[in-house]
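Below is one structure, written out as C-alpha cells, with a few remarks after it.
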Amino acid sequence: MEFYSTRHISPAVSFKEAVLDSLPPDHGLYMPEYLHSYPRDFLAKLSETDFAAHSFITAKSLLGDSMPDDILAQIIEETLSFPCPLLKLENGLSVLELTHGPSLAFKDYGARFMARVMRYYKQNHSRELNVLVATSGDTGGAVALGFLGVEGIKVHILFPSGKISKGQEKQLTTLGQNIIAYEIEGSFDHCQAIVKKAFLDPLLNEKKWLTSANSINIARLIPQTFYYTEAYKQAGEDKPIIFCTPSGNFGNLTAGLFAKKCGLPVAHFIAANNLNNPVCRYLDTGKYDPMPAVSTLSNAMDVGAPSNFVRMLTLYNNELDLIRKDISGYTIDEPETEQAMKTLWQKYNYLACPHTALAYKAVMKYRVQHPEVEAHFIFLSTAHPSKFEDSVKHITGQQPAYPPQLKELMQREGTSIKSSASYEDFREKLLQVT
Numbered sequence: 004m005e006f007y008s009t010r011h012i013s014p015a016v017s018f019k020e021a022v023l024d025s026l027p028p029d030h031g032l033y034m035p036e037y038l039h040s041y042p043r044d045f046l047a048k049l050s051e052t053d054f055a056a057h058s059f060i061t062a063k064s065l066l067g068d069s070m071p072d073d074i075l076a077q078i079i080e081e082t083l084s085f086p087c088p089l090l091k092l093e094n095g096l097s098v099l100e101l102t103h104g105p106s107l108a109f110k111d112y113g114a115r116f117m118a119r120v121m122r123y124y125k126q127n128h129s130r131e132l133n134v135l136v137a138t139s140g141d142t143g144g145a146v147a148l149g150f151l152g153v154e155g156i157k158v159h160i161l162f163p164s165g166k167i168s169k170g171q172e173k174q175l176t177t178l179g180q181n182i183i184a185y186e187i188e189g190s191f192d193h194c195q196a197i198v199k200k201a202f203l204d205p206l207l208n209e210k211k212w213l214t215s216a217n218s219i220n221i222a223r224l225i226p227q228t229f230y231y232t233e234a235y236k237q238a239g240e241d242k243p244i245i246f247c248t249p250s251g252n253f254g255n256l257t258a259g260l261f262a263k264k265c266g267l268p269v270a271h272f273i274a275a276n277n278l279n280n281p282v283c284r285y286l287d288t289g290k291y292d293p294m295p296a297v298s299t300l301s302n303a304m305d306v307g308a309p310s311n312f313v314r315m316l317t318l319y320n321n322e323l324d325l326i327r328k329d330i331s332g333y334t335i336d337e338p339e340t341e342q343a344m345k346t347l348w349q350k351y352n353y354l355a356c357p358h359t360a361l362a363y364k365a366v367m368k369y370r371v372q373h374p375e376v377e378a379h380f381i382f383l384s385t386a387h388p389s390k391f392e393d394s395v396k397h398i399t400g401q402q403p404a405y406p407p408q409l410k411e412l413m414q415r416e417g418t419s420i421k422s423s424a425s426y427e428d429f430r431e432k433l434l435q436v437t
C-alpha cells in the first residue's frame, strides 16, 4: 500500500515514510492509495469477533501489507487495552464511551497506535525523532501518555494559554521525561500554524528530525476507524446506524468515513460543531470559509480551519452532493450545550463533558428535522467529564469523580515553556531544548 498526497504533486510513499514525515513536500495530506473492501464474510462473523481481531482486518483494509502481520497485530492488541462500551440510553439512542484510556479521551486510540508504529519504524535509526503536536485540549494528553518514556523520541506539545481545562493542562505539563509542553499566547489555530510551518522550515529540519502526532498524520486516523466497527457490533440490531461525532479538526469523522468506504454499513453521519463551524457552513452553503477560532465550553473543538476537511473532500472527489448524502452538520451554541449537559444528567443520569453533550444535542436536532428516519443513533463520548470539572460542576451541579490516572496528576506541579504565537519565537525555544 502506498500513500498519496491530496494535492497529487508529490510522489506516493510507503506507510513508513508517511508516518515518519507526516506531511508530503507539496503541503497536502497523505491518503491511502486504496480503501479495500472488507472480506465478504466480515460482517457476518463480526458478532463473534473480538475488538482486536476485527480491528486487525480493518487495518489491513487501510494499510495492505505495509507492516508485517504479526507486528501489526501486536500493535493493535497493545493499543486496545481498554474497553469502549456502548451504553443504551433509550430505544434507538446510545452513547459510545471512548473515555476509558490513559488520558480519558478518544484520542488515546490514535496516540497509542501511532507511538507503537513510530517505535517500530524508528528502531534502526540512531537519530532522535522529535514529535510536534498542537492541541486544543485532548490530543496533547493522549500523545503525551502514548509516547511517555519511548526511547529516542522527544514530544513537543503546543497548547493555547488559558484555553484548555486544568485537567487537560496537567496531562501535558506534569509528566516530564521526554514530554515538553509549550504554552502559546494564542489560539489552537496559532499552535497548528506553528507546527505546519516547522515542517516546511528546511533549516530546522536539518537540525531536528520532525514528525507530527496531530491528525494530519495518517497514523492517527487508522485506529480511530476501529471503534466505529466495534460500536456497530455492539449495537447488534437491524436498524440503520447513524453516528454523531463531535467535530473539531475532523479527524474523528474522517476515520468513520474510512470505515464506511471499506464497507461498514453506516446509514449517515452527523457532524456536531460548536461555534467554530466552517464545515457545517460549507454543508449549508457549498462555500468553505475558515475562520479565526473562538473559545467555547467544548474547547477541544475550537478549530477554525480544520485540517482534515481536505481529506473529506478527497474521499468524495469534491462533490458536495455526495458529501451531503452521507453527512449532515449541526452547529450547537453555548446555551444549547449547557442545556444538553443538564438534560443528559436529569433524564438519563448521565454526566457528560461539553463535547459529548454537544453531540447529543445534534442528534436531537436531526431527529426533529427528520422525524421519518428510523435508526439507532449513536453519539460519541469523547472525553471524561472530570477533565472539565469546573464547567460540569457549574452547569449540572454534580462533582465528577476523578479516575485514578487523573487524580494523581492533579496533585503535581506542572512546568511549561512560554512562547508568543510567533513562529520565530517558538523555533528559537525549540532549538534550545536538548
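Each residue of the sequence shown is one higher than the one before, starting from 4 at the first, in our numbering. Beta carbons: idealized from backbone N, C-alpha and C, even for Gly.
Quick check: what's the CA-CA separation for residue i versus residue j?
i: residue 29; j: residue 431; result: 25 Å
i: residue 427; j: residue 399; result: 43 Å
i: residue 292; j: residue 54; result: 39 Å
i: residue 47; j: residue 243; result: 16 Å
i: residue 90; j: residue 362; result: 15 Å
i: residue 266; j: residue 38; result: 9 Å
i: residue 424; j: residue 31; result: 23 Å
i: residue 1; j: residue 113; result: Since the first and last residues shown for the chain are 4 and 437, residue 1 lies out of range.
i: residue 373; j: residue 386; result: 28 Å
i: residue 33; j: residue 217; result: 13 Å
i: residue 269; j: residue 263; result: 6 Å
i: residue 94; j: residue 371; result: 16 Å
i: residue 81; j: residue 75; result: 10 Å
i: residue 7; j: residue 36; result: 6 Å
i: residue 325; j: residue 319; result: 6 Å
i: residue 87; j: residue 388; result: 16 Å
i: residue 41; j: residue 51; result: 16 Å
i: residue 106; j: residue 140; result: 11 Å
According to the neighbour-count rule (16 or more other Cβ atoms, all chains shown, within 10 Å of its Cβ), is residue i buried or exposed?
i: residue 321; result: exposed
i: residue 404; result: exposed
i: residue 129; result: exposed
i: residue 43; result: exposed
i: residue 280; result: buried
i: residue 402; result: exposed
i: residue 12; result: exposed
i: residue 138; result: buried
i: residue 307; result: buried
i: residue 100; result: buried
i: residue 437; result: exposed
i: residue 392; result: buried
i: residue 17; result: exposed
One question on the structure: do residue i and residue j come within less than 8 Å of each other, judged by their Cβ atoms?
i: residue 317; j: residue 61; result: no
i: residue 136; j: residue 156; result: no
i: residue 358; j: residue 394; result: no
i: residue 246; j: residue 272; result: yes
i: residue 97; j: residue 381; result: yes
i: residue 248; j: residue 65; result: no
i: residue 439; j: residue 4; result: Beyond the ends of the chain as shown, which are 4 and 437, falls residue 439; an answer cannot be given.
i: residue 142; j: residue 25; result: no
i: residue 355; j: residue 344; result: yes
i: residue 210; j: residue 434; result: yes
i: residue 333; j: residue 276; result: yes
i: residue 1; j: residue 181; result: Absent from the structure is residue 1, since the part of the chain shown begins at 4 and ends at 437.
i: residue 390; j: residue 305; result: no
i: residue 178; j: residue 162; result: no
i: residue 191; j: residue 296; result: yes
i: residue 56; j: residue 110; result: no
What would DSSP say about residue i, mapped onto helix, strand or coil?
i: residue 133; result: strand
i: residue 3; result: Examination of residue 3 is not possible in this model, given that the chain is present from 4 through 437 alone.
i: residue 247; result: strand
i: residue 142; result: helix
i: residue 208; result: helix
i: residue 319; result: coil
i: residue 57; result: helix
i: residue 35; result: strand
i: residue 93; result: strand
i: residue 259; result: helix
i: residue 295; result: coil
i: residue 163; result: strand
i: residue 271; result: strand
i: residue 218; result: coil
i: residue 242; result: coil
i: residue 310; result: coil
i: residue 64; result: helix
i: residue 41; result: coil
- Taking one C-beta from the segment 419-428 and one from the segment 182-190 each time, how about it: are there three or more such pairs within less than 8 Å? Flag = yes, the segment 419-428 and the segment 182-190 touch.
- For the segment 209-227 against the segment 248-267, are there 3 or more C-beta pairs whose distance is under 8 Å? Yes: at least three Cβ pairs fall under 8 Å.
- Query: Taking three-plus beta-carbon pairs below 8 Å as touching, is the segment 146-153 in contact with the segment 113-124?
  - Reply: Counting Cβ pairs under 8 Å, three or more are found: they touch.
- Query: Is it true that the segment 407-414 meets the segment 156-173, where meeting means three or more beta-carbon pairs spaced less than 8 Å apart?
  - Reply: The segment 407-414 vs the segment 156-173: in contact.
- Query: Between the segment 343-350 and the segment 273-291, do three or more beta carbon pairs fall short of 8 Å?
  - Reply: Pairwise C-beta distances place the segment 343-350 out of contact with the segment 273-291, as fewer than three of them are shorter than 8 Å.
- Query: Any contact of the segment 235-242 with the segment 200-207, i.e. 3+ C-beta pairs under 8 Å?
  - Reply: By the C-beta criterion, the segment 235-242 is judged not to be in contact with the segment 200-207, since fewer than 3 inter-stretch pairs fall below 8 Å.
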